[in-house]
């Protein structure tokens with residue numbers, strides 16, 4: 755078995771065209787892989803839940819997401835996941 759670190763991000767942002775696309779692009783460009791995503795829209799706001807994995811510090815991704823003009827808040831939680839190594 756190998757251990758991988760997964761991070762759960764909750765991102766609250768303005769619901770405007772291409773906002774979700776920009777968020778996904780930042781995640782990809784910063785070297786993270788989206789494992790799971792959920793989205794909820796209410797009152798002109800999007801609440802995006804992301805589970806991501808990657809080798810870079812999650813603080814770097816959080817900082818970059820917070821720089822997007824549509825993003826109001828980003829919070830993170832880190833978990834350790836065990837995965838079976840395939841030989």
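In the working numbering, the protein residues as written are 755 to 841. Yeah, the Cβ is synthetic: ideal placement off N, Cα and C, and Gly gets one too. Fair warning: this is a prediction, and the values are worked out from it, not measured in the lab.
Helix or strand or just coil, what does DSSP make of residue i?
i: residue 760; result: strand
i: residue 831; result: strand
i: residue 769; result: coil
Quick check: what's the CA-CA separation for residue i versus residue j?
i: residue 801; j: residue 786; result: 19 Å
Do residue i and residue j have their C-beta atoms closer together than 7 Å?
i: residue 824; j: residue 779; result: no
i: residue 775; j: residue 807; result: no
i: residue 842; j: residue 815; result: Given a span of 755 to 841 for the chain in the structure shown, any question on residue 842 remains unanswerable.
i: residue 817; j: residue 764; result: no
i: residue 803; j: residue 795; result: no
- [ ] Run through the stretch 772-824 for me and flag every whole alpha helix (DSSP H) of 4 or more residues, listed as ranges in chain order.
- [x] 773-783 and 812-820
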